[in-house]
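Residue numbers (full-length UniProt numbering): 1 to 316. Backbone N, C-alpha and C define an ideal beta-carbon position, used for all residues, glycine too. In what follows, a structure is listed as structure tokens, so that the remarks can point back to it.
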Amino acid sequence: MQQYTPRAIMWMTYLNYLPQDQTQQLAFLKKQQHLYNLYLDEFIHKEHLEIFNILDNIDSDQNSLSFNEFTTIKTQVVNSCMDYHQYIQNEQLFEQIEKDVPRTLPKQSILKEQINAKFSQYFFTDQYKRRKLLSNIAPTHSDILIRILYVYGKLNPAIKYMQGMSDLLAPLYLIIKNEADTFFCFTKIMAQLKDAYISTLDFTNTGIRGLLLKFETQFQLKEPKLYNYLHNLGIHPYMYGYRWIITCLTREFYLDQLYQIWDLMLHDRNIHDFIIKFAIAILKYLKPQLFEADFKLAFDILIYSEKDVNQILNFM
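Next comes the structure, spelled out in structure tokens:
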């Protein structure tokens, strides 16, 4: 277990991922790595790599092809290798994730850092073509996140991928550092939070609209004057609460402070209840500034201002 930091072990324990019996932990982690490798073999088909290599070579050799010409060739190549509709579904899922992950953790650059690992591109996407033009195709931490989310999406077709899931994955990956363990810890978090990403459950207690209603009710109850002041400005809780709740605050803080929050959040076990309590504490902390603000300034304070975790905790 020496490869894991104390915080990584703590988070994996809070998520009920690690066995309580320490003598079983190494064998368990080895088994989980094997299982994750099986998922990779199942969902990242050798046909994907074959198709990618053919299309990449065609693009390099004949970069004057029109979009329609390239699409025709692509269809022929895919049909010669695997079921076309299955391939397109897989490619669309991958491309959706690939577009979203670069927006993850906007306050930090760590995910863009290159990693010393052998890593293959699986689909010939627009994002890959842009990186290729810039000679920027070396693998980064973001590529690991994309692969984890792709495997999760294939295993969970009811959800696949929704915006905001990459924000939940990134802190886990940066702390745990092992891809397989990060994947399984992410599934633990998503088991509790997934309803917020399923549109048909929006109005249930665990759906996003239900959670926003709970947040608004608590805000109105605990800080009625501030609630009314912001309401009169035209700033409603969903305008900032959606982002806070759906990303578990990952876009609001730098990593050192975010890790402090997640220490408490994962220990609390009921993640959304904790986030709502913490969101109310943020509003209490910002209250003096907000009472002096007009619409634009108040909105900027809520979304863009730097916030001090230790001071916010005094309002919990």
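TODO: Using a threshold of 9 Å, state whether the C-beta atoms of Tyr238 and Glu252 are closer than that.
DONE: In this structure, Tyr238 keeps its C-beta atom at 9 Å or more from the C-beta atom of Glu252.
Task: Leu221, buried or exposed, once every other Cβ within 10 Å from all chains shown has been counted against 16 - done: exposed
Open item on the list: If you reduce the DSSP assignment to three classes, tell me which class Gln121 lands in.
Closed with: coil
Task: Opening and closing residue of the alpha helix (DSSP H) in which Met82 lies - done: Taken as a continuous stretch (DSSP letters only), Met82 belongs to no alpha helix (DSSP H), as it is neither H nor E.
TODO: Specify, as a first and last residue, the run of the alpha helix (DSSP H) that Ala8 falls within.
DONE: Pro6 to Tyr14
Open item on the list: Three Cβ pairs or more, each shorter than 8 Å: is that satisfied between the segment 15-24 and the segment 43-59?
Closed with: no
Task: Cβ neighbour criterion (16 or more within 10 Å) applied to Ile115 - done: exposed
Open item on the list: At the level of alpha carbons, what is the spacing between Tyr240 and Ser66?
Closed with: 43 Å
Open item on the list: Quick check on the burial criterion: 16 or more other C-beta atoms within 10 angstroms. Buried or exposed for Ala191?
Closed with: exposed
Task: Between the CA atoms of Ser166 and Lys107 - distance to the nearest angstrom - done: 14 Å
TODO: Taking all protein chains shown into account, decide if Ser64 is buried (16 or more other Cβ within 10 angstroms of its Cβ) or exposed.
DONE: exposed
- [ ] Please say whether Thr104 and Thr206 have beta carbons closer to each other than 9 Å?
- [x] Their beta carbons are not under 9 Å apart, which means Thr206 does not touch Thr104 by this criterion.
TODO: Give the range of the alpha helix (DSSP H) segment to which Glu306 is assigned.
DONE: Neither: Glu306 is in no alpha helix (DSSP H) and is coded neither H nor E.
Task: Residue of Met1, Asn37 and Gln86 minimising C-alpha distance to Arg147 - done: Asn37
Task: Identified DSSP bridge partners for Gln114 - done: In DSSP, Gln114 forms a bridge with Thr140.
- [ ] Entirely within the segment 29-72 and at least 4 residues each: give me those alpha helix (DSSP H) ranges in chain order.
- [x] Here the runs fully enclosed are 46-61.
Open item on the list: I'd like the span of the alpha helix (DSSP H) that includes Ser166, first residue to last.
Closed with: DSSP places Ser166 in the uninterrupted alpha helix (DSSP H) bounded by Met165 to Ile176.
Task: Proximity winner among Trp244, Leu283, Ala279 and Asp202, relative to Leu230 (alpha-carbon distances) - done: Leu283
TODO: Measure the beta-carbon distance from Thr125 to Phe94 and round it to whole angstroms, keeping in mind my assumption that it falls under 8 Å.
DONE: With 8 Å as the limit, Thr125 and Phe94 qualify as a contact, their Cβ atoms being about 7 Å apart.
TODO: Flag this pair as yes or no: are the beta carbons of Ile280 and Gln218 separated by less than 9 Å?
DONE: In this structure, Ile280 lies near Gln218, with their beta-carbon atoms less than 9 Å apart.
Open item on the list: If I measure Cβ to Cβ from Trp262 and keep anything under 7 Å in the same chain, skipping five residues before and after, which residues do I get?
Closed with: Pro171
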